[in-house]
Ligand code: SAH
Ligand code: SF4
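Numbering (our numbering), first residue to last: 1020 to 1372.
Here's what the structure looks like:
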C-alpha cells in the first residue's frame, strides 16, 4: 500500500486519472483539500463511495497516528507517533508567544551514533517518507483543533529522531510538499533543519533554493574534542564542515543557528574564541543547551561530563564579550523525557520486558 501523503497535487491528479476513467478534473483537488485536514477517506463526504473504496484499497490515509501524548507542566506536549508498519518516532509541540512549533522526526532511529543521544543507540531502523513527515504535522494540527485554513502549527523544526541529511531526498521532498501553496502552505522561512554536519549534503542543500534555516549541532570547537562525542567528526573535519556552512550562507543569506550542549570540555574561554574564529563571515546565533540525561554515563565517556552551572554561565559571558549572540535554551518538557529519542527508547525498552 502506498502513502497518499507522498503525492503532490499534480501527482495525485495523475494517479487518479490512471485509477479511474472519466474522473471529473476537480476530484483530485477535493481529495487533496481533505488530506490537508488529515481526514480519512471515509470522512470525505463529497467524494463518491465507489471512489473512496478504490482509494482505500490502494492507499494508506492515516500513515501517522498519535500513540501517546504527554503534557508537561510547562505546556509542552510530547507525542509518540506510530507508523503504519509499527515503527515509532517522536514529536514535540512547544508553545511560544509567536505561535506553536512542532519538532518532527525524519528517521526511525539514527546511524550517526552521537554519544549523548538516545536516538542513535539502536542504529537506524528505516527512513521516513516525505509523506510520513508531512503527516506528523497534519495529525498534530488536527489533534489540537487546526485545519489547513486555520493552521495551529506555525513553525516546524526537523530535530526529532534521525539525521535529516542522511535521508536527503525524502527530506527535501517533504520541505517542498509542506510549503506547497496548494497544500499546507507553511512558509519555508518557518522551517529549521538540524544536522550533525554532513558537509557534502549541506552543500547540496544550499543549491536546492530553499529558504529554510540551517541549524548545526556543533558541540565542540576542535576536531579532537568533537571526535570524542560525535562519530561524524571522523568523516568531516571542522574545516570541511565550516566550508560547507559558509557556502550555504553565501547562497541563502539565511542566518545559521548552532546547537551547543554545555559540557565541561567545551565551555572554556578558548572555545568561545574558537567559535568566533570558525564563524568569521557568518551571521549566526548560538543555542546553548543544558545536556539532558545521557544514555552513556560519564564514567563510560568522560567527555560527557556536564559543565557546572557556573562554568556554563561564564561561557555565556565569554561569548557575549566577544559579541556573539547566544541564548541558553529553555529546557522545555524536561519532566516528560524531553530529549530527542528518549521517549521512543523508553517505549521500546518497555516492550522488550
Ligand atoms: N540529527 C540532527 C537532528 C536531531 S537531534 C542533529 O543531530 O542535529 C536534535 C538535537 O538534539 C541535536 O542538536 C542534538 O545534538 C540534541 N541532543 C541529542 N541528545 C541530547 C541530549 N541528551 N541532551 C541535549 N541535547 C541533545
Ligand atoms: Fe542522530 Fe542527531 Fe542523535 Fe546524533 S544527535 S545520534 S545525529 S539524532
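Glycine is no exception: its CB is placed at the ideal position from the N, C-alpha and C atoms.
Just so we're clear, the structure is a prediction, and the values are computed from it rather than from any experiment.
Would you mind sorting residue i into buried or exposed? The rule is 16 or more other CB atoms within 10 Å of its CB.
{"i": "residue 1325", "result": "buried"}
{"i": "residue 1021", "result": "exposed"}
{"i": "residue 1098", "result": "buried"}
{"i": "residue 1048", "result": "exposed"}
{"i": "residue 1045", "result": "exposed"}
{"i": "residue 1208", "result": "exposed"}
{"i": "residue 1226", "result": "exposed"}
{"i": "residue 1024", "result": "buried"}
{"i": "residue 1082", "result": "buried"}
{"i": "residue 1185", "result": "buried"}
{"i": "residue 1150", "result": "buried"}
{"i": "residue 1239", "result": "buried"}
{"i": "residue 1167", "result": "buried"}
{"i": "residue 1219", "result": "exposed"}
{"i": "residue 1316", "result": "exposed"}
{"i": "residue 1067", "result": "exposed"}
{"i": "residue 1348", "result": "exposed"}
{"i": "residue 1160", "result": "buried"}
{"i": "residue 1198", "result": "buried"}
{"i": "residue 1312", "result": "exposed"}
{"i": "residue 1396", "result": "The requested residue 1396 is not part of the displayed model; the chain covers only 1020 to 1372."}
DSSP state of residue i, grouped into three classes?
{"i": "residue 1172", "result": "coil"}
{"i": "residue 1081", "result": "coil"}
{"i": "residue 1332", "result": "helix"}
{"i": "residue 1152", "result": "helix"}
{"i": "residue 1162", "result": "helix"}
{"i": "residue 1308", "result": "strand"}
{"i": "residue 1098", "result": "strand"}
{"i": "residue 1089", "result": "strand"}
{"i": "residue 1021", "result": "strand"}
{"i": "residue 1059", "result": "coil"}
{"i": "residue 1126", "result": "strand"}
{"i": "residue 1067", "result": "coil"}
{"i": "residue 1048", "result": "helix"}
{"i": "residue 1028", "result": "helix"}
{"i": "residue 1043", "result": "coil"}
{"i": "residue 1038", "result": "helix"}
{"i": "residue 1341", "result": "coil"}
{"i": "residue 1322", "result": "helix"}
{"i": "residue 1139", "result": "helix"}
{"i": "residue 1074", "result": "helix"}
{"i": "residue 1147", "result": "coil"}
{"i": "residue 1033", "result": "helix"}
{"i": "residue 1157", "result": "helix"}
{"i": "residue 1184", "result": "helix"}
Using only alpha-carbon positions, find the residue among the options that is nearest to residue i.
{"i": "residue 1211", "options": "1309, 1182, 1200", "result": "1182"}
{"i": "residue 1230", "options": "1273, 1243, 1179, 1114", "result": "1273"}
{"i": "residue 1343", "options": "1110, 1297, 1320, 1318", "result": "1297"}
{"i": "residue 1213", "options": "1204, 1187, 1041", "result": "1187"}
{"i": "residue 1173", "options": "1148, 1206, 1233, 1147", "result": "1206"}
{"i": "residue 1177", "options": "1143, 1165, 1203, 1215", "result": "1215"}
{"i": "residue 1027", "options": "1054, 1242, 1039, 1040", "result": "1054"}
{"i": "residue 1079", "options": "1058, 1089, 1067", "result": "1058"}
{"i": "residue 1301", "options": "1235, 1289, 1314", "result": "1235"}
{"i": "residue 1266", "options": "1228, 1279, 1112, 1289", "result": "1228"}
{"i": "residue 1308", "options": "1318, 1320, 1141, 1328", "result": "1328"}
{"i": "residue 1276", "options": "1288, 1303, 1262, 1268", "result": "1303"}
{"i": "residue 1040", "options": "1192, 1139, 1070", "result": "1070"}
Can the beta-carbon of residue i be found closer than 8 Å to that of residue j?
{"i": "residue 1196", "j": "residue 1153", "result": "yes"}
{"i": "residue 1323", "j": "residue 1260", "result": "no"}
{"i": "residue 1086", "j": "residue 1103", "result": "no"}
{"i": "residue 1180", "j": "residue 1133", "result": "no"}
{"i": "residue 1094", "j": "residue 1114", "result": "yes"}
{"i": "residue 1221", "j": "residue 1264", "result": "yes"}
{"i": "residue 1122", "j": "residue 1145", "result": "no"}
{"i": "residue 1305", "j": "residue 1252", "result": "no"}
{"i": "residue 1084", "j": "residue 1119", "result": "no"}
{"i": "residue 1341", "j": "residue 1291", "result": "yes"}
{"i": "residue 1331", "j": "residue 1286", "result": "yes"}
{"i": "residue 1060", "j": "residue 1074", "result": "yes"}
{"i": "residue 1156", "j": "residue 1089", "result": "no"}
{"i": "residue 1148", "j": "residue 1189", "result": "yes"}
{"i": "residue 1063", "j": "residue 1250", "result": "no"}
{"i": "residue 1042", "j": "residue 1033", "result": "no"}
{"i": "residue 1135", "j": "residue 1248", "result": "yes"}
{"i": "residue 1334", "j": "residue 1201", "result": "no"}
{"i": "residue 1314", "j": "residue 1194", "result": "no"}
Establish whether the CB of residue i and some CB of chain C are separated by less than 8 Å.
{"i": "residue 1212", "result": "Here there is only one protein chain, and chain C is not present."}
In chain order, each beta strand (DSSP E) run of at least 3 residues that lies wholly inside the segment 1241–1319 | 1275–1280, 1303–1308, all fully within the segment 1241–1319.
Uninterrupted alpha helix (DSSP H) stretches inside the segment 1188–1229 (no shorter than 4 residues) = Taking only runs of at least 4 residues, the alpha helix (DSSP H) segments lying wholly in the segment 1188–1229 are 1218–1225.
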